[in-house]
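Numbering (UniProt numbering), first residue to last: 1 to 429. Structure first, commentary second.
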């Protein structure tokens, strides 16, 4: 009986000693890790070895076949062959490893191996790394989202050990959790949404665009330069409305005293290039897209007076017309005077006023001695002289004193020696 107890005690002692001995050599890692595709992941690791020994070399291996003899993705005694793996540990007790931009081919088993000045150890079975895509599932699929719908977004990943998600709208963090839910969604919720794992914020599944469609709202009318304009000036009425998709058609209406008038055109602007007086009145517009229509409030357009430009134009036109009228009147008066002058001239040229004159002419080129010796030769020249009525009275007086010659004809002799001298004129009856 004592022998059996003694054997049992020795067995327990050996087991305890083996645990103590094995506990001197150890590598501690998480058995399973999950990485999001495209992110970087750190594999936490620590190791122990017997006191009194010195670590000479450390290494990490990918895939079980390389755990002992390699090839290694990292080895301290060799130059690194890739920047994808970075050793974060040391040669004391830290053996952590970082993997950058994880891809599907990086999935699998990883183990840490180290050498001391006396022995070597491999942290078998190591850590199993899973690589998963981060995805966003939309509850209504790819259907059009209309204002008032219920919409849910869910961020999922194949790794079960990750449960802390962060949501972003247009790049800004908004809420934590695996899902986003909108009850009676509005246009304010439109935007670009993404999610990430809090431990790996650089890894995202891409962006999901939430585009909430709605009918026209906030429809209004504005006027340029204003609602009080001068007659003949340009005025533009503009209809604006908030809608998604954008407004397809704009309809303009004018309210008269007894009915509603639809104004031609389906554009956002109603333009009066030279605003007439009858453009004055009350207007509103209606904006329409596939989700509905919305009317604006009524605005009143007032047309008054004339534009300064128009006054200048009218004044210039009056001046031009006045100048033209004066010119036409002057031309008419000038032509009338000319006509009267011609008539008077024709009357003066009538035969009853003819006068015959004897004009004595001598050679101007003869010398003074010859002029002294010879008497001038008289040469009778008959000419017709026209007299007006005043002259006719004087001539009649002369004729009365000289004889009984014809009342309508007077004969005169004009002597011309060198130059015409009035004293040498002889009036012959």
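Here a beta-carbon is modelled for each residue, glycine too, at the ideal position from N, C-alpha and C.
Collapsed DSSP secondary structure at residue 364 in the structure displayed: With a pLDDT of 43 at residue 364, under the threshold of 50, the modelled position of this residue cannot be trusted, and the question is left open.
Taking the alpha carbon of residue 298 as the reference point, which residue from 284, 159 and 106 has its own alpha carbon closest? 284
Straight-line CA distance for residue 83 to residue 123? 23 angstroms
Coil, strand or helix - residue 375 by DSSP: Unreliable positioning characterises residue 375 in this predicted model, as indicated by a pLDDT of 49, which lies under 50. The coordinate reading is nonetheless provided below. Residue state, collapsed to three classes: coil.
Which stretch, first to last residue, makes up the beta strand (DSSP E) that contains residue 182? 179-182
Tell me whether the beta-carbon of residue 157 lies closer than 8 angstroms to the beta-carbon of residue 36. yes
Nearest to residue 279 by alpha carbon, out of 121, 266, 236 and 244? 236
Do residue 96 and residue 42 come within 8 angstroms of each other at the CB atom, strictly closer than that value? yes
Once DSSP output is grouped into helix, strand and coil, what is the label at residue 35? strand
Run the CB neighbour count on residue 414, radius 10 Å, all protein chains shown included, and call it buried at 16 or more, exposed below. With a pLDDT of only 46 at residue 414, under the threshold of 50, the placement of this residue in the model should not be trusted; the figure read from the coordinates follows. With 16 or more Cβ atoms within 10 Å of its Cβ, residue 414 is classed as buried.
Would you give the residue range spanned by the beta strand (DSSP E) that residue 174 belongs to? 172-176
Below 8 angstroms CB to CB, which residues in the same chain sit around residue 145 once its five sequence neighbours on both sides are set aside? 151, 185, 210, 211, 212 and 213
Give the range of the beta strand (DSSP E) segment to which residue 231 is assigned. 228-231
Hey, is residue 213's beta-carbon within less than 8 angstroms of any beta-carbon in chain D? In the structure shown, chain D cannot be found, because there is only a single protein chain.
Taking the alpha-carbon positions, what's the residue 64 to residue 194 distance? 37 angstroms
Quick check on this structure: which residue in 90, 132, 70 and 304 has the alpha carbon closest to the alpha carbon of residue 56? 90
Starting from the N-terminal side, write out each stretch of the beta strand (DSSP E) that is 3 residues or longer and does not extend beyond the UniProt domain "Ig-like" (216-304). 228-231, 235-244, 249-255, 260-263, 269-272, 281-289 and 292-295
Among 148, 259, 170 and 207, nearest to residue 291 - alpha-carbon criterion: 148
Coarse secondary structure for residue 157, derived from DSSP in three states: coil
Looking only at C-alpha atoms, which of 103, 143 and 109 sits nearest to residue 131? 103
Could you name the residues of the same chain whose beta carbon sits closer than 7 angstroms to that of residue 287, not counting the 5 residues immediately before and after it, in chain order? 216, 219, 239, 241, 243, 247, 250, 293 and 294
Helix, strand or coil: how does DSSP classify residue 97 here? strand
When we look at the beta-carbon of residue 113 and count the other beta-carbons within 10 Å, is it buried (16 or more) or exposed? buried
When the Cα atoms are used, what is the spatial distance from residue 200 to residue 38? 10 angstroms
First through last residue of the beta strand (DSSP E) which encompasses residue 81: No beta strand (DSSP E) contains residue 81, which DSSP labels as neither H nor E.
One or two residues paired with residue 113 in a DSSP bridge: 59 and 122
Can you name, in chain order, every residue of its own chain whose Cβ lies under 6 angstroms from the Cβ of residue 28, other than the five neighbours on each side? 46
DSSP state of residue 108 mapped onto helix, strand, coil: strand
If you check the beta carbons only, do residue 110 and residue 129 fall under 8 angstroms apart? yes
Report the residue from 137, 69, 88 and 133 whose alpha carbon sits nearest the alpha carbon of residue 121. 69
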